[in-house]
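**Q** Handing you this structure, nothing more for now.
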Amino acid sequence: MSLLLALALLAAPAGADTCVKCHSTLEDKHALILRSFSRDIHKEKGLTCVSCHGGDSAKEDMSEAMDPEKGYVGVPSPAQVPEFCGKCHSSPAYMRRFNPSLPTDQQAKYRTSTHGIRLQAGDEVVATCASCHPAHSIRPAKDPTSSVYVKNVAETCARCHADTKKMAPYGIAVTQAADYRASVHGKALLERGDTSAPTCNTCHGNHGAVPPGVASIGMVCGSCHVGNMEFFKASPMAGPWERRGFHACATCHTAHGVQKPTSALLAGSGALCARCHKPGSKPLAVAASMKGGLDGLKAAYDGAEGSVRQAEEKGMDMAEARDALDGARMSMFQARTAVHAFSAEAVAKISEEGKGSADKASLAAREAVKDFRNRRLGLGLSTFVIAFLAGAVYLKVRELEEKD
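All letters in the sequence shown, in the order written, are residues -2 to 401 by the numbering used here.
The structure is reproduced here in structure tokens:
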């Protein structure tokens, strides 16, 4: 029935919109709605005021135009919003006319979310559709001006989640947005513009937003960091951590403020592993060994890269050396990933392979520089010999000219 009503309302003649005529004479708030709606995706698709709010925009009389019997709703309460939007967005047949690829299960997912569950329990402070998609100014998610464009999502979530007063009744921290902006993920997205980097909804979901629990947080991180998760699941740490209720990834890396990991997390002053493991223990010895492998490989790579660059600056062809360097660089990534197996042997094996590639590149660079020096020496000697012979010929010619 709601679909038939929506279709009937959509068919209202565009030239007889008394909603616009009347609201344009009201105060700034209503004028702003009209200005905003001029760019709204619904307006662009041909929808009008009555498409959502019902009524009869062809009638001049307010009581007729806003007649509840003609489907007039007006401003829905927070509790009504999901159903209000869902009358169209939950209908595959209706949405197919505008965007066949748009999912129509948002309302169903919302009901399972923390927001939706609380709303159904009577909490009207929680987020609804209109909290994230501002009414009358909705843009597609791919539009940079949209509130749900990938680079704007964190700011949209922060409208509530960074509000101390609003979050106080729930006992939820309000530092997530600031932590995210300073994180390796936040910097990649917000500073470098890498739109493949994760933001709030990447981990928490969109309409079915929930906080990942102990059992699922590793899988959430593992959807991007596949190798890390596979290593961890097969490691000797997985079982004990699960029994203790530790989060697979967030225990070490935190949730929102994830920083770029370095080998310093493993051993040395302020090492992360030392927070749980005692000095002199086997786990710390394993951590120190892994750190040594990573640091050794990094030093070998940096040295080789510098040597190759020096040879290239002299004009030498270092294509093969660059291939070897790429192999060493890949080994660095693999060794860092293997740390999640918590196996000194696994990290050492990959590190040694990487060092071999780095050494190969270094040797090629040294040979190239040596070849360059030999060429320069040969050129110098050749130049000297040619100059000497030219001088001798010149003197001989002078001698012959003087005799004549």
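Virtual Cβ for every residue (Gly too), placed ideally from N, Cα, C.
Pairing CB atoms from the segment 249 to 269 with CB atoms from the segment 309 to 328, are three or more of them under 8 Å?
**A** No: fewer than three Cβ pairs fall under 8 Å.
**Q** Touch check for the segment 327 to 335 and the segment 215 to 229: three-plus C-beta pairs under 8 Å?
**A** They touch, by the three-pair rule.
**Q** Classify Gln173 as buried or exposed, calling it buried when 16 or more other Cβ atoms lie within 10 Å of its own Cβ.
**A** Locating residue 173 in the sequence shown gives position 176, where the first residue counts as 1. Burial call: buried.
**Q** Am I right that Cys246 and Cys218 are in contact with their C-beta atoms under 8 Å? What's the rounded C-beta distance?
**A** Numbered from its first residue, the sequence shown carries residue 246 at position 249. Numbered from its first residue, the sequence shown carries residue 218 at position 221. That belief holds up - the Cβ atoms of Cys246 and Cys218 are roughly 4 Å apart, short of 8 Å.
**Q** Please work out which residues of its chain come closer than 8 Å, Cβ to Cβ, to Val171, disregarding the five sequence neighbours upstream and downstream, and give them in chain order.
**A** Against the sequence shown, residue 171 aligns to sequence position 174. Taken in chain order, the residues that qualify are His158, Ala159, Asp160, Thr161 and Met164.
**Q** Please determine, among Lys67, Thr15, His27 and Glu61, the residue with the shortest C-alpha to C-alpha distance to Thr45.
**A** Position 48 of the sequence shown, counting from 1, holds the residue named residue 45. Answer by Cα proximity: Thr15.
**Q** Going by the CB atoms, is the gap between His274 and Leu281 shorter than 7 Å?
**A** Here residue 281 refers to the residue found at position 284 of the sequence shown. Here residue 274 refers to the residue found at position 277 of the sequence shown. Their beta carbons are under 7 Å apart, which means Leu281 touches His274 by this criterion.
**Q** Mind checking whether Asp121 and Pro75 have CB atoms under 7 Å apart?
**A** Here residue 121 is taken as the residue at index 124 of the sequence shown, counted from 1. Here residue 75 is taken as the residue at index 78 of the sequence shown, counted from 1. Note on residue identity: the sequence assigns Glu, not Asp, to residue 121. Taking 7 Å as the Cβ cut-off, Glu121 and Pro75 qualify as a contacting pair.
**Q** What whole-angstrom Cβ distance do Val305 and Phe339 have, given they're in contact under 8 Å?
**A** Here residue 305 is taken as the residue at index 308 of the sequence shown, counted from 1. Here residue 339 is taken as the residue at index 342 of the sequence shown, counted from 1. Going by Cβ atoms, the distance from Val305 to Phe339 rounds to 33 Å, so no, they are not a contact pair.
**Q** Below 8 Å on the Cβ atoms is my contact criterion, and I expect Gly68 with Gly51 to pass it. Report the Cβ-Cβ distance as a whole number of Å.
**A** As a working mapping, residue 68 is identified with position 71 in the sequence shown. As a working mapping, residue 51 is identified with position 54 in the sequence shown. Going by Cβ atoms, the distance from Gly68 to Gly51 rounds to 3 Å, so yes, they are a contact pair.
**Q** Measure the alpha-carbon distance for Arg94 versus Glu41 and round it to whole angstroms.
**A** Indexing the sequence shown from 1 puts residue 94 at position 97. Indexing the sequence shown from 1 puts residue 41 at position 44. Approximately 13 Å, taken between the alpha carbons.
**Q** Return the first residue and the last residue of the alpha helix (DSSP H) that Lys279 is part of.
**A** In the sequence shown, residue 279 corresponds to position 282, counting from 1. Element bounds for Lys279: Lys279 to Glu310.
**Q** Measure the Cβ-Cβ separation of His133 and Phe229 and say whether it is below 7 Å.
**A** By one-based count along the sequence shown, residue 133 stands at place 136. By one-based count along the sequence shown, residue 229 stands at place 232. Not a contact, by the Cβ cut-off of 7 Å.
**Q** Could you check how far apart the C-beta atoms of Ala308 and Ala355 are, in whole angstroms? I think they sit under 8 Å.
**A** By one-based count along the sequence shown, residue 308 stands at place 311. By one-based count along the sequence shown, residue 355 stands at place 358. Contact doesn't hold; Cβ gap of about 14 Å is too wide.
**Q** Would DSSP call Ile30 helix, strand or coil?
**A** As a first step, residue 30 must be located in the sequence shown, where it is residue number 33. In this structure, Ile30 counts as helix in the three-state DSSP scheme.
**Q** How many Å lie between Arg372 and Ala384 at the Cα?
**A** Here residue 372 is taken as the residue at index 375 of the sequence shown, counted from 1. Here residue 384 is taken as the residue at index 387 of the sequence shown, counted from 1. In a straight line, the C-alpha of Arg372 is about 18 Å away from that of Ala384.
**Q** Classify Met216: buried if its beta carbon has 16 or more other beta carbons within 10 angstroms, exposed otherwise.
**A** Along the sequence shown, read from residue 1 onward, the residue named residue 216 stands at position 219. Met216 should be labelled exposed.
**Q** Please confirm whether Lys352 and Ala296 have their CB atoms less than 7 Å apart.
**A** If you number the sequence shown from 1, residue 352 lands on position 355. If you number the sequence shown from 1, residue 296 lands on position 299. Contact flag unset, no.
**Q** Please classify Val207: does DSSP put it in a helix, a strand, or coil?
**A** Walking along the sequence shown from the start, residue 207 turns up at place 210. Val207: coil per DSSP, three-state reduction.
**Q** Do the segment 88 to 108 and the segment 186 to 196 make contact, defined as three or more Cβ pairs closer than 8 Å?
**A** No: fewer than three Cβ pairs fall under 8 Å.
**Q** Should His20 and Leu29 be called a contact, given that it needs their Cβ atoms to be closer than 7 Å?
**A** Locating residue 20 in the sequence shown gives position 23, where the first residue counts as 1. Locating residue 29 in the sequence shown gives position 32, where the first residue counts as 1. No, Cβ-Cβ distance for His20 and Leu29 is not below 7 Å.
**Q** What did DSSP end up calling Arg94 once you bin it into helix, strand or coil?
**A** Here residue 94 corresponds to residue number 97 of the sequence shown, with the count starting at 1. Coil at Arg94, not helix or strand.
**Q** Suppose you measure from the CA of Val211 to the CA of Ser180; what does that come to, to the nearest Å?
**A** On the sequence shown, position 214 is the one that residue 211 refers to. On the sequence shown, position 183 is the one that residue 180 refers to. Here the model assigns Val211 a pLDDT of 47, short of 50, so the residue's position is not dependable and the matter cannot be decided.
**Q** I believe Gly293 touches Ser359 by the beta-carbon criterion, under 8 Å. Please report the beta-carbon distance rounded to the nearest angstrom.
**A** Along the sequence shown, read from residue 1 onward, the residue named residue 293 stands at position 296. Along the sequence shown, read from residue 1 onward, the residue named residue 359 stands at position 362. That belief does not hold up - the Cβ atoms of Gly293 and Ser359 are roughly 14 Å apart, past 8 Å.
**Q** Roughly how far, in whole angstroms, is the beta-carbon of Ala185 from the beta-carbon of His112, given that I think they are within contact range, below 8 Å?
**A** Sequence index remark: in the sequence shown, residue 185 carries index 188 (1-based). Sequence index remark: in the sequence shown, residue 112 carries index 115 (1-based). Between His112 and Ala185 the Cβ distance is about 27 Å, and since that is not below 8 Å, they are no contact.
**Q** Let me make sure I understand the geometry here. Which of Leu392, Leu386 and His250 has the alpha-carbon closest to that of Asp176?
**A** Position 179 of the sequence shown, counted from the first residue, corresponds to residue 176. Asp176 has its Cα closest to that of His250, out of Leu392, Leu386 and His250.
**Q** Near Glu399, which residues of its chain fall below 6 Å by C-beta distance, leaving aside the five closest residues on each side in sequence?
**A** The residue given as residue 399 occupies position 402 in the sequence shown. Answer for Glu399: no residue qualifies.
**Q** Once you ignore the five residues that flank Leu291 on each side, which residues in its own chain have a CB closer than 8 Å to its CB?
**A** The sequence position of residue 291 within the sequence shown is 294, counting from 1. Result list for Leu291: Ser260, Leu263, Met329, Ala332, Arg333, Val336, Val344 and Ser348, in chain order.
**Q** Glu188 lies in the alpha helix (DSSP H); which residues open and close that run?
**A** In the sequence shown, the residue the question calls residue 188 occupies position 191. Neither: Glu188 is in no alpha helix (DSSP H) and is coded neither H nor E.
**Q** In the structure shown, what three-state DSSP assignment does Lys184 receive?
**A** Within the sequence shown, numbered from 1, the residue matching residue 184 stands at position 187. Helix at Lys184.
**Q** So Ala361 packs on Ala321, CB below 8 Å; how close in whole Å?
**A** Counting from one through the sequence shown, the residue named residue 361 turns up at place 364. Counting from one through the sequence shown, the residue named residue 321 turns up at place 324. The Cβ separation is near 7 Å, so the contact holds.
**Q** Using three-state DSSP, classify His222 as helix, strand or coil.
**A** As a first step, residue 222 must be located in the sequence shown, where it is residue number 225. Correct three-state label for His222: coil.
**Q** Near Gly277, which residues of its chain fall below 6 Å by C-beta distance, leaving aside the five closest residues on each side in sequence?
**A** As a first step, residue 277 must be located in the sequence shown, where it is residue number 280. So no residue of the chain qualifies.
**Q** Straight-line CA distance for Pro233 to Thr248?
**A** For the purposes of this step, residue 233 is taken as residue 236 along the sequence shown, with counting starting at 1. For the purposes of this step, residue 248 is taken as residue 251 along the sequence shown, with counting starting at 1. Their backbone Cα atoms lie some 16 Å apart in a straight line.
**Q** Between the Cα of Pro137 and those of Asp37, Ala268, Lys393 and Lys26, spot the shortest distance and give me the residue it belongs to.
**A** Position 140 of the sequence shown, counted from the start, is the residue given in the question as residue 137. Looking at the Cα atoms, Asp37 is the closest of the given residues.
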